[in-house]
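Engineer: In the working numbering, the protein residues as written are 41 to 225.
The C-beta atom is built at its ideal place from N, Cα and C for all residues, glycine as well.
To start, I am sharing the structure in question, which I have written as structure tokens.
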């Protein structure tokens, strides 16, 4: 049954090209479920990790941007730690975090996960302090996580990809959370 579902291998794509029945089965049973599941996992991971910023835990703990990205990945998997990503559900190397903060909402604008058809790079560098992006207490924070799902490019007949600019045909997920940090100091 492996070739009948939306797995990250070429066999499913190759088999589906020759069988309209198989193509319908992949659409119905595999990729549609994965699209929803991946979006849900990303949303959950972002919300769980953002709570650490909202309460000031991450800023007071001196968390770096790389550690926060690991936290998002680990929240997806359910461990919720700053350590090395353990997520087997999503490939954390394909995750970028965009973050900005300001004193008023008017000073913050939405950020796009795609730039010229390619994935936008994360805000800051991995060794930068998270507090340099999230700011201090009572700041408005807008955080967007972007995840590049390569499987969509391997099954082009399903037309799931939205990253045509770089030729990969991958699908870009995004999850955004906006909040005001609490008074934590």
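(1) Kindly indicate which three-state DSSP category residue 155 falls into: helix, strand or coil?
(2) For residue 69, does the three-state DSSP call read helix, strand or coil?
(3) Report back the beta-carbon spacing between residue 159 and residue 136 to the nearest angstrom; my notes put them in contact at under 8 Å.
(4) Would you list the residues sitting across from residue 218 in a DSSP beta bridge?
(5) Tell me the DSSP bridge mates of residue 140?
(6) Could you tell me the distance, in whole angstroms, from the CA atom of residue 100 to the CA atom of residue 80?
(7) Answer yes or no: do residue 105 and residue 170 have a C-beta to C-beta separation smaller than 8 Å?
(8) Determine the extent of the alpha helix (DSSP H) in which residue 146 is found, giving its start and end residues.
(9) Where residue 186 and residue 134 are concerned, what is the direct C-alpha to C-alpha distance, given to the nearest angstrom?
(10) Among the candidates 78, 155, 77, 97, whose CA atom is the shortest distance from the CA of residue 225?
(11) May I have the straight-line CA-CA distance separating residue 210 from residue 107, to the nearest angstrom?
(12) Taking residue 179 as the reference, which of 221, 215, 87 has the closest Cα?
(13) How big is the Cα-Cα spacing for residue 142 and residue 163?
(14) Helix, strand or coil for residue 162? Go by DSSP, reduced to three states.
(15) Can the beta-carbon of residue 90 be found closer than 8 Å to that of residue 212?
Structural biologist: According to the structure data:
(1) In the structure shown, residue 155 adopts extended strand secondary structure according to DSSP, grouped into three states.
(2) In this prediction, residue 69 has a pLDDT of 41, which is less than 50 and means its spatial position is unreliable; what the coordinates show is noted afterwards. The answer is helix: DSSP assigns residue 69 an H, G or I state.
(3) For a cut-off of 8 Å, the C-beta gap from residue 159 to residue 136 is around 6 Å, short enough to register as a contact.
(4) As a beta-bridge residue in DSSP terms, residue 218 pairs with 182.
(5) In DSSP, residue 140 forms a bridge with 182.
(6) Taking the straight line from one Cα to the other gives about 29 Å.
(7) Cβ atoms of residue 105 and residue 170: closer than 8 Å.
(8) For residue 146, no alpha helix (DSSP H) encloses it, and the DSSP letter there is neither H nor E.
(9) Near 8 Å, if we compare the C-alpha coordinates of residue 134 and residue 186.
(10) Of the candidates 78, 155, 77, 97, the one whose C-alpha sits nearest the C-alpha of residue 225 is 97.
(11) The C-alpha of residue 107 is placed about 26 Å away from the C-alpha of residue 210.
(12) For the residues 221, 215, 87, the minimum Cα distance to residue 179 belongs to 221.
(13) When only Cα atoms are considered, residue 142 and residue 163 end up about 15 Å apart.
(14) DSSP places residue 162 in coil when its eight states are reduced to three.
(15) Contact: no.
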